[in-house]
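Novice:
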Amino acid sequence: NAGVMQNPRHLVRRRGQEARLRCSPMKGHSHVYWYRQLPEEGLKFMVYLQKENIIDESGMPKERFSAEFPKEGPSILRIQQVVRGDSAAYFCASSRRTGSSGANVLTFGAGSRLTVL
Amino acid sequence: DQQVKQNSPSLSVQEGRISILNCDYTNSMFDYFLWYKKYPAEGPTFLISISSIKDKNEDGRFTVFLNKSAKHLSLHIVPSQPGDSAVYFCAASAANRDDKIIFGKGTRLHILP
Chain A
67 NAGVMQNPRH LVRRRGQEAR LRCSPMKGHS HVYWYRQLPE EGLKFMVYLQ
117 KENIIDESGM PKERFSAEFP KEGPSILRIQ QVVRGDSAAY FCASSRRTGS
167 SGANVLTFGA GSRLTVL
Chain B
12 DQQVKQNSPS LSVQEGRISI LNCDYTNSMF DYFLWYKKYP AEGPTFLISI
62 SSIKDKNEDG RFTVFLNKSA KHLSLHIVPS QPGDSAVYFC AASAANRDDK
112 IIFGKGTRLH ILP
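Here the protein sequences come in this chain order: A and B.
Using this note's numbering, you'd call the opening residue of the first sequence number 67 and step up by one each time.
Using this note's numbering, you'd call the opening residue of the second sequence number 12 and step up by one each time.
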């Protein structure tokens, strides 16, 4: 079981370019979460998706950011026209379910570190 | 609005002693609390959780205590080992919010030789 796979691990973009971060959840997990960690900050929730559905995007900036989790393939976090303030580590996590008994334990990937020049 | 607060950015503890990491929360609707550990350049890994209907959960060297009336929880690690040096995140979720997990800012634990 390969766990949650994120790529690229490191991405460098110039201001105004687009960044695409990919996440393949653990086998058997149908729920994907994206978090952002700014320097010296904690993990900030961005978006929660199930296959083909955005469940909660309350943490996503209103402009330039979008996320999808298609029926086939990985989840994608897309940042258009990047700015220096987008430089951060972006973590993807997956879980098997929500709403059932027991804690919703997330399994995290190793993260994608975005640097905007 | 920070719903999960870890007020100590860092903590240093002698190897073999007890490490106590604290966490406060504001949302009384949280029904599960979790602790994650993170090493540099890696993703967070799950350590231990506790339901809001319990006041203690133990797993080996790790014990989490929950005080609902004070909206406070703590993670005890005993005895502390060098490999415990990491950033520890407190997290919480509410089933009526689609189990979205809210994280604190983390506490960096240094285990001193």
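Cβ atoms here follow ideal geometry from the backbone N, Cα and C, with glycine treated the same way.
Just so we're clear, the structure is a prediction, and the values are computed from it rather than from any experiment.
Look at the Cβ atom of Arg88 (chain A), then the Cβ atom of Ile142 (chain A), and state whether they are nearer than 8 Å.
Specialist: Counted from its first residue, the first sequence places residue 88 (chain A) at position 22. Counted from its first residue, the first sequence places residue 142 (chain A) at position 76. Yes, Cβ-Cβ distance for Arg88 (chain A) and Ile142 (chain A) is below 8 Å.
Novice: So, with DSSP's three-state summary, where would you put Arg179 (chain A)?
Specialist: Translated into positions along the first sequence, residue 179 (chain A) becomes position 113. DSSP places Arg179 (chain A) in strand when its eight states are reduced to three.
Novice: With a threshold of 16 other CB atoms inside 10 Å of the CB of Asn170 (chain A), please say whether the residue is buried or exposed.
Specialist: Indexing the first sequence from 1 puts residue 170 (chain A) at position 104. With 16 or more Cβ atoms within 10 Å of its Cβ, Asn170 (chain A) is classed as buried.
Novice: Is Asp42 (chain B) helix, strand or coil by DSSP?
Specialist: Numbered from 1 along the second sequence, position 31 holds the residue referred to as residue 42 (chain B). Three-state DSSP puts Asp42 (chain B) in coil, outside helix and strand.
Novice: Should Val15 (chain B) and Tyr36 (chain B) be called a contact, given that it needs their Cβ atoms to be closer than 8 Å?
Specialist: Stepping through the second sequence from its first residue, residue 15 (chain B) is reached at position 4. Stepping through the second sequence from its first residue, residue 36 (chain B) is reached at position 25. Yes.
Novice: Just by C-beta distance, which residues in the stretch 126 to 158 of chain A are closer than 8 Å to chain B?
Specialist: Phe157
Novice: For the beta strand (DSSP E) containing Ala69 (chain B), name the first residue and the last one.
Specialist: Translated into the one-based positions of the second sequence, residue 69 (chain B) becomes position 58. Checking the sequence, you will find Glu at residue 69 (chain B) rather than Ala. Element bounds for Glu69 (chain B): Lys67 to Asp70.
Novice: Under a three-way DSSP split, which group does Arg80 (chain A) fall into?
Specialist: Here residue 80 (chain A) refers to the residue found at position 14 when the first sequence is read from its first residue. In this structure, Arg80 (chain A) counts as coil in the three-state DSSP scheme.
Novice: Does DSSP put Arg75 (chain A) in a helix, in a strand, or in coil?
Specialist: Your numbering for residue 75 (chain A) matches position 9 in the first sequence. Arg75 (chain A): coil per DSSP, three-state reduction.
Novice: First and last residue of the beta strand (DSSP E) that includes Asp35 (chain B)?
Specialist: Position 24 of the second sequence, counted from the start, is the residue given in the question as residue 35 (chain B). Per DSSP, Asp35 (chain B) belongs to the beta strand (DSSP E) from Ser30 to Tyr36.
Novice: Can you tell me whether Ala97 (chain B) is helix, strand or coil according to DSSP?
Specialist: Locating residue 97 (chain B) in the second sequence gives position 86, where the first residue counts as 1. It is a strand residue.
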